[in-house]
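Colleague:
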Amino acid sequence: MAIQQHPIPQDISNYKFRLIGDMTIKQFASLGISIILAVIIYSSPIPFFFKYPFSFVFLALGVGMAFVPVQGRTLDVWIIAFIKSIYSPTQYIWKHGQEATSNISPAVSTTIPQTTIDPQMSVPNTPIVDILPPTAEKSPPDEIAPIPEQQTPPTPKLETIAEKIIDIPETELKNDSQSEIVPPIPNTSPIPASPSPEIQNLPIPFTPTTPNTLVGLTLTPDGHILDGVLVEIKNQGLTLRATKSNKLGQFLFARPLENGLYQILAEKEDYTFSEYSIELAGAIMNPLKIQALK
Numbered sequence: 040m041a042i043q044q045h046p047i048p049q050d051i052s053n054y055k056f057r058l059i060g061d062m063t064i065k066q067f068a069s070l071g072i073s074i075i076l077a078v079i080i081y082s083s084p085i086p087f088f089f090k091y092p093f094s095f096v097f098l099a100l101g102v103g104m105a106f107v108p109v110q111g112r113t114l115d116v117w118i119i120a121f122i123k124s125i126y127s128p129t130q131y132i133w134k135h136g137q138e139a140t141s142n143i144s145p146a147v148s149t150t151i152p153q154t155t156i157d158p159q160m161s162v163p164n165t166p167i168v169d170i171l172p173p174t175a176e177k178s179p180p181d182e183i184a185p186i187p188e189q190q191t192p193p194t195p196k197l198e199t200i201a202e203k204i205i206d207i208p209e210t211e212l213k214n215d216s217q218s219e220i221v222p223p224i225p226n227t228s229p230i231p232a233s234p235s236p237e238i239q240n241l242p243i244p245f246t247p248t249t250p251n252t253l254v255g256l257t258l259t260p261d262g263h264i265l266d267g268v269l270v271e272i273k274n275q276g277l278t279l280r281a282t283k284s285n286k287l288g289q290f291l292f293a294r295p296l297e298n299g300l301y302q303i304l305a306e307k308e309d310y311t312f313s314e315y316s317i318e319l320a321g322a323i324m325n326p327l328k329i330q331a332l333k
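Just so we're on the same page, the numbering used here is the position in the sequence shown counted from 1, plus 39.
(1) Does the pairing of the stretch 250-260 with the stretch 275-294 give three or more beta-carbon distances under 8 Å?
(2) What's the gap between the Cα of residue 298 and the Cα of residue 325?
(3) Look up residue 131 in the DSSP assignment and say whether it is helix, strand or coil.
(4) Using a Cβ-Cβ cutoff of less than 6 Å, which residues in the same chain neighbour residue 286 once the five nearest sequence positions on both sides are dropped?
(5) Please classify residue 332 as buried or exposed, where buried requires at least 16 neighbouring CB atoms within 10 angstroms.
(6) Whose CA, out of 312, 257, 314, 321, lies closest to the CA of residue 296?
(7) Quick one: Cα of residue 90 to Cα of residue 71, how far?
(8) Kindly list the residues whose CB is nearer than 8 Å to the CB of residue 117, restricted to its own chain and excluding five residues on each side of it in sequence; keep chain order.
(9) Are the beta-carbon atoms of residue 69 and residue 101 separated by less than 8 Å?
(10) Using only CA atoms, which one of 288, 277, 260, 282 lies nearest to residue 309?
(11) With a cut-off of 8 Å on the beta carbons, I'd call residue 316 and residue 300 a contact; round off their distance for me.
(12) Since residue 124 is in the alpha helix (DSSP H), which residue starts that stretch and which ends it?
(13) Please report the straight-line C-alpha distance between residue 272 and residue 283, rounded to a whole angstrom.
(14) Using a Cβ-Cβ cut-off of 8 Å (strictly less than) and excluding sequence neighbours within five positions of residue 214, which residues of its own chain qualify?
(15) Quick one: is residue 92 buried, meaning 16 or more other Cβ sit within 10 Å of its Cβ, or exposed?
(16) For residue 99, which option in 240, 135, 119, 74 has the closest C-alpha, if you only look at C-alpha atoms?
(17) Which ranges would you report for the beta strand (DSSP E) in the stretch 280-326 if only whole runs of at least 3 residues count?
(18) Report buried or exposed for residue 327, applying the criterion of at least 16 other Cβ atoms within 10 angstroms of its Cβ.
(19) Name the residue from 248, 275, 84, 258 whose alpha carbon lies nearest to the alpha carbon of residue 240.
(20) Excluding the five sequence neighbours on either side, which residues of its own chain have a C-beta within less than 6 Å of the C-beta of residue 281, listed in chain order?
(21) Measuring straight from C-alpha to C-alpha, what distance separates residue 312 and residue 246?
(22) Using only CA atoms, which one of 268, 288, 302 lies nearest to residue 279?
(23) Does the Cβ-Cβ distance between residue 80 and residue 97 come in under 8 Å?
As structure tokens, then:
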């Protein structure tokens, strides 16, 4: 099959209909009108010294407008432009207006003042509760007394899977008020009721209101915020959910999970995390804490 050439695009907006050869309708009309006017003047009973010159002028104008372009324009365009230039003003005069009277009061501005709002980063509305570290002069009962104050909203509890296993023996030991038991962790705070200073300033996310919805916080080994951590939820080796922690170290799985046992894995370059297991039973889950080992 031979390759056919596409037709050359043409300017259809300026297309001109042609009657005889390259003569367009405009050229034919100009020539025809000029011949008719020349014949009428030649046949009129006016003196010959008016008849012949006028007949020749009309005939020459018709031929010129039809076949003699001047600088790319037809003769009728030049004639119309000449007539317009005669009647158009060639000089413009500026006149001083009337001076404003002194008894006119200045215009009152009706613009409404706009209040500017300081730009803030679009982040989750998470309360950050700052608790001052205990001083050496105050005793433990003095630190526990301000806890019932309702000035600040209660901070949701931050729990991990690993801490749940340790809480069971600790609750049994706390029932014995007569015995004094040393906690298993050597670096414990002298005040058991007050949280560690590292957790006090952390942006703990809100506790979700939907059952089986997981939220949490990712931290460095020294307890600082760690962002960009990939958190996965697996069930029987299959990844069901995956998300990354934001600039505040918070992560959220908006869709609730079904009841069952799940594995939580965290991953970030240059950090190592333990694998956690959590069992959901249709209850409200507190925010989780995923802390890197190293």
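Note that the Cβ used here is the ideal one computed from N, Cα and C, for glycine as well.
Source: prediction; values computed, not measured.
Modeller: This is what the structure holds:
(1) Output reads yes: the stretch 275-294 touches the stretch 250-260.
(2) As a first step, residue 298 must be located in the sequence shown, where it is residue number 259. As a first step, residue 325 must be located in the sequence shown, where it is residue number 286. If you take the alpha carbons of residue 298 and residue 325, they lie about 16 Å apart.
(3) As a first step, residue 131 must be located in the sequence shown, where it is residue number 92. Coil, per DSSP.
(4) In the sequence shown, the residue the question calls residue 286 occupies position 247. Hits under 6 Å: 266.
(5) Here residue 332 corresponds to residue number 293 of the sequence shown, with the count starting at 1. Residue 332 comes out exposed.
(6) Here the question's residue 296 lines up with position 257 in the sequence shown. It is 321 whose Cα lies nearest to the Cα of residue 296.
(7) Taking the sequence shown and counting its residues from 1, one reaches residue 90 at position 51. Taking the sequence shown and counting its residues from 1, one reaches residue 71 at position 32. Residue 90 and residue 71: Cα-Cα distance of roughly 19 Å.
(8) Taking the first residue of the sequence shown as position 1, residue 117 is located at position 78. If you ignore the 5 residues before and after residue 117, its C-beta comes within less than 8 Å of the C-beta of 109, all in its own chain and listed in chain order.
(9) What you label residue 69 is simply residue 30 of the sequence shown in a count that begins at 1. What you label residue 101 is simply residue 62 of the sequence shown in a count that begins at 1. Contact flag set, yes.
(10) The residue labelled residue 309 in the question sits at position 270 within the sequence shown. The residue with the shortest Cα to Cα distance from residue 309 is 260.
(11) Translated into the one-based positions of the sequence shown, residue 316 becomes position 277. Translated into the one-based positions of the sequence shown, residue 300 becomes position 261. Between residue 300 and residue 316 the Cβ distance is about 6 Å, and since that is below 8 Å, they are a contact.
(12) Working through the sequence shown from its first residue, we reach residue 124 at position 85. Segment 114-126, the alpha helix (DSSP H) holding residue 124.
(13) What you label residue 272 is simply residue 233 of the sequence shown in a count that begins at 1. What you label residue 283 is simply residue 244 of the sequence shown in a count that begins at 1. So the alpha carbons of these two residues sit roughly 12 Å apart.
(14) As a working mapping, residue 214 is identified with position 175 in the sequence shown. With a pLDDT of 44 at residue 214, under the threshold of 50, the modelled position of that residue is not reliable, and the figure given next carries that caveat. There are no such residues.
(15) Residue mapping note: residue 92 aligns to position 53 of the sequence shown, counting from 1. Of the other Cβ atoms in all chains shown, fewer than 16 fall within 10 Å of the Cβ of residue 92; this residue is therefore exposed.
(16) Position 60 of the sequence shown holds residue 99. Nearest to residue 99 by alpha-carbon distance, out of 240, 135, 119, 74, is 74.
(17) Counting only runs of 3 or more residues that sit fully inside the stretch 280-326, the beta strand (DSSP E) segments are 289-291, 299-306, 315-319, in chain order.
(18) Locating residue 327 in the sequence shown gives position 288, where the first residue counts as 1. Burial state of residue 327 is buried, judged by a 10 Å Cβ sphere holding 16 or more other Cβ atoms.
(19) As a first step, residue 240 must be located in the sequence shown, where it is residue number 201. That would be 258, whose Cα lies nearest to the Cα of residue 240.
(20) Within the sequence shown, numbered from 1, the residue matching residue 281 stands at position 242. Same-chain partners within the cutoff: 271.
(21) Reading the sequence shown from its first residue, position 273 is the one you call residue 312. Reading the sequence shown from its first residue, position 207 is the one you call residue 246. Approximately 23 Å between the Cα atoms of the pair.
(22) The residue you call residue 279 lines up with position 240 of the sequence shown. Ranking the options by Cα distance to residue 279, first place goes to 302.
(23) Here residue 80 refers to the residue found at position 41 of the sequence shown. Here residue 97 refers to the residue found at position 58 of the sequence shown. Yes; because the gap between Cβ atoms is below 8 Å, this pair is in contact.
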